[in-house]
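Read through the structure below, which is laid out as structure tokens, and then see the notes.
Protein chains: 2
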Amino acid sequence: MKIISMVSAMQSLAIQTRQKCRCIGFVPTMGFLHEGHMSLVRIARNKSDIVVLSSFVNPVQFGPNEDFDKYPRDETKDDMLCEREGVDIVFRPSADDIYTNDHSVYVEEEKLSTGLCGKFRPGHFQGVLTIVAKLFNIVQPHVAVFGGKDAQQARVIEQMVRDLNFPVEIIIGPIIREPDGLAMSSRNTYLSQDERKRAVNIYVSLCHARRLYEQGVRNTSVLRGKIREIIETDVQPSEIEYIEAVDYTTLQPVTIVQNITLVAVAVKVGRTRLIDNILIP
Amino acid sequence: MKIISMVSAMQSLAIQTRQKCRCIGFVPTMGFLHEGHMSLVRIARNKSDIVVLSSFVNPVQFGPNEDFDKYPRDETKDDMLCEREGVDIVFRPSADDIYTNDHSVYVEEEKLSTGLCGKFRPGHFQGVLTIVAKLFNIVQPHVAVFGGKDAQQARVIEQMVRDLNFPVEIIIGPIIREPDGLAMSSRNTYLSQDERKRAVNIYVSLCHARRLYEQGVRNTSVLRGKIREIIETDVQPSEIEYIEAVDYTTLQPVTIVQNITLVAVAVKVGRTRLIDNILIP
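First to last, the sequence lines map onto chains A and B.
Counting in this note's numbering, the final residue of the first sequence is number 287, and the numbers go up one at a time with none missing.
Counting in this note's numbering, the final residue of the second sequence is number 287, and the numbers go up one at a time with none missing.
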């Protein structure tokens, strides 16, 4: 396994790899890897000859009061997990090599990124799209795999690939959960023992909503009401940012479930922001 | 010479060409080709194995009151010129194939694009960068050649390539002029006979400024004053948008010429908007 830190070295190697007609699979991450990331690596490995995993905590996608400074890091463990999972290249660039002092070009999405997390994290998706566009140009992947927990992110990236004609196939991996159901996230490490126990009820609330759907409920205000009730009672969050039901393609709110619907929540448990979602049907 | 209109066909061919280790040179244009474009083709041909010229009048870079609807077209003549100059592929996509109805992703530049033309054409450079990013992903060039008349455009594109890590070498061709000095432009066709005669004094004014510089003048307000005097008297424009002296790298106004300085003007002659520039020293 190679560990590459220079942007120029990564890009040269990627271009050479493409010239050898070898397929590049790519998993962009912010490091502090867990089983969720590893599941994406396995998808990438099945679809390609060379798997590149990037590890870069992207300052541009964090707001001024967010957790950029304390975002967890463990490069040694990350490298061990990557080695074990058969990653070929870990690309871990420095922020200085990624963003020059006078960086001034950004990619932005104007429709899908306005609701859900975009409403609460202004500039977030501009930061995400800018770094993903950069990484696509540096790593030159044929296939890139993103986690389904960040459902809006995945849709916004799909839109960028379509609208800017990136020759990259996007695959969205399913959410990987802890044994009790909590969606895996690097940020779960922030949770106290008590918060961790309460946090599981985010997923419990989504499962209730799914059950209601299966029992015939189609009105999303009923589904969202049930989720809110369980979250308020059992998660006891410090803040509920949103509980939304949106069309999975347009990310526009829906009142009656007809097409594939994304039921997504963002809550703060203590000071930790957690997101989760399910798709119905 | 191949003429390709489908985005998917162009992209597949580009990827195949790259896999054969053949170098792709690219000249993006809006058609209605003239000797200025052809000089760019020759530069591209010297630097590559396959020359692609795109011809697409990009609606997104025109303002609501600009000349998108009447922008001149002559595909037959364009194809003849391309054939004669050894262009391998003319890529002439339809607007529908380039922009879907729900297109929502744009590339924008926040520093270099605010002054000069950017001030008078809001959204213009966002439109330019978005189409150029798309074309780079579709045509997959190793080298792309842009004309020096649109000096700000060239700098903004260089910045995009750097900031988004496109693996593309940008070459800026020198301005090609009519025998009397008027910078070649597809828009010159709009000029009446009288306007055409007066328009030549745009370049005359820039030459005067260069002469003043050569005589030791370094104060840009003197240079700009001389240009304004000649333009007002001899061009008799319906509007002077700007007469600016800016640092060529940062595009920020300079008062004393020290580094390479772009002296650039934009004027309306009748209803036709014309731009021109020189670099000093």
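Beta carbons: idealized from backbone N, C-alpha and C, even for Gly.
In this text the structure is predicted, and so the values were computed from the model without any measurement.
Neighbour flag for residue i against chain A, beta carbons, 8 Å
i, result
"glutamate 164 of chain B", "no"
"arginine 24 of chain B", "yes"
"leucine 257 of chain B", "no"
"glutamine 17 of chain B", "yes"
"alanine 110 of chain B", "Note on residue identity: the sequence assigns serine, not alanine, to residue 110 of chain B. By this cut-off, serine 110 of chain B is an interface position."
"leucine 170 of chain B", "yes"
"lysine 13 of chain B", "The question names lysine, but residue 13 of chain B in the sequence shown is valine. So, interface residue."
"asparagine 64 of chain B", "no"
"lysine 140 of chain B", "yes"
Buried versus exposed call for residue i [16 or more other C-beta atoms within 10 Å across all chains shown]
i, result
"threonine 239 of chain B", "exposed"
"proline 70 of chain B", "exposed"
"alanine 50 of chain B", "buried"
"glutamine 199 of chain A", "exposed"
"lysine 26 of chain B", "exposed"
"serine 45 of chain B", "buried"
"methionine 166 of chain B", "buried"
"serine 191 of chain B", "buried"
"serine 11 of chain A", "exposed"
"asparagine 195 of chain A", "With the sequence shown as reference, residue 195 of chain A is identified as threonine, and asparagine is not the correct amino acid for it. Classification for threonine 195 of chain A: exposed."
"glutamate 235 of chain B", "exposed"
"glycine 222 of chain B", "exposed"
"glutamate 72 of chain B", "exposed"
"proline 128 of chain A", "exposed"
"arginine 217 of chain A", "exposed"
"aspartate 282 of chain B", "buried"
"aspartate 108 of chain A", "exposed"
"serine 14 of chain A", "exposed"
"arginine 24 of chain B", "buried"
"glutamate 250 of chain B", "buried"
Whole-Å CB distance - residue i paired with residue j, under 8 Å assumed
i, j, result
"isoleucine 137 of chain A", "glutamine 67 of chain A", "7 Å"
"leucine 188 of chain A", "tyrosine 219 of chain A", "The Cβ separation is near 21 Å, so there is no contact."
"phenylalanine 131 of chain A", "valine 162 of chain A", "5 Å"
"threonine 35 of chain B", "serine 54 of chain B", "Contact doesn't hold; Cβ gap of about 16 Å is too wide."
"glutamate 89 of chain B", "valine 47 of chain B", "Rounded, the Cβ-Cβ distance is 11 Å, inconsistent with contact."
"isoleucine 30 of chain B", "proline 180 of chain B", "Contact doesn't hold; Cβ gap of about 22 Å is too wide."
"alanine 215 of chain A", "isoleucine 237 of chain A", "Contact flag wrong, Cβ pair sits at about 11 Å."
CB contact below 8 Å: residue i versus chain B
i, result
"lysine 8 of chain A", "no"
"cysteine 27 of chain A", "yes"
"isoleucine 21 of chain A", "yes"
Within chain B, the residues that residue i reaches when beta carbons sit closer than 7 Å
i, result
"glutamate 175 of chain A", "Result: empty, since nearest Cβ-Cβ is about 13 Å, beyond 7 Å."
Per-residue contacts from residue i into chain B (C-beta, under 9 Å)
i, result
"glutamate 115 of chain A", "Ser110, Val111 and Tyr112"
Per-residue contacts from residue i into chain A (C-beta, under 9 Å)
i, result
"isoleucine 144 of chain B", "Asn171 and Pro173"
Distance cut-off 7 Å: residue i Cβ against heavy atoms of the ligand NAP
i, result
"tyrosine 105 of chain B", "Questions concerning the ligand NAP fall outside what the structure shown contains, since it holds no ligand whatsoever."
Exercise. Determine contact between the region 37 to 57 of chain B and the region 176 to 192 of chain B, defined as no fewer than three beta-carbon pairs at a distance below 8 Å.
Key: yes
Quiz item: Using 8 Å as the Cβ pair cut-off and three pairs as the minimum, do the region 110 to 126 of chain B and the region 241 to 258 of chain B touch?
Solution: yes
Quiz item: Looking at C-beta atoms only, is the number of pairs between the region 162 to 171 of chain B and the region 196 to 211 of chain A that lie closer than 8 Å three or more?
Solution: no
Quiz item: Between the region 266 to 278 of chain B and the region 132 to 148 of chain B, do three or more beta carbon pairs fall short of 8 Å?
Solution: no
Quiz item: Does the count of Cβ pairs from the region 258 to 267 of chain A and the region 221 to 241 of chain A closer than 8 Å reach three?
Solution: yes
Practice problem: Could you name the residues of the region 115 to 130 of chain B whose beta carbon sits closer than 9 Å to any beta carbon of chain C, in the order they occur along the chain? | Solution: In the structure shown, chain C does not exist; the protein chains are A and B.
Exercise. May I ask you to verify whether the region 149 to 163 of chain B touches the region 81 to 99 of chain B, counting CB pairs closer than 8 Å and requiring at least 3?
Key: no
Quiz item: If you pair each beta-carbon of the region 84 to 97 of chain B with each one of the region 95 to 106 of chain A, do three or more pairs fall below 8 Å?
Solution: no
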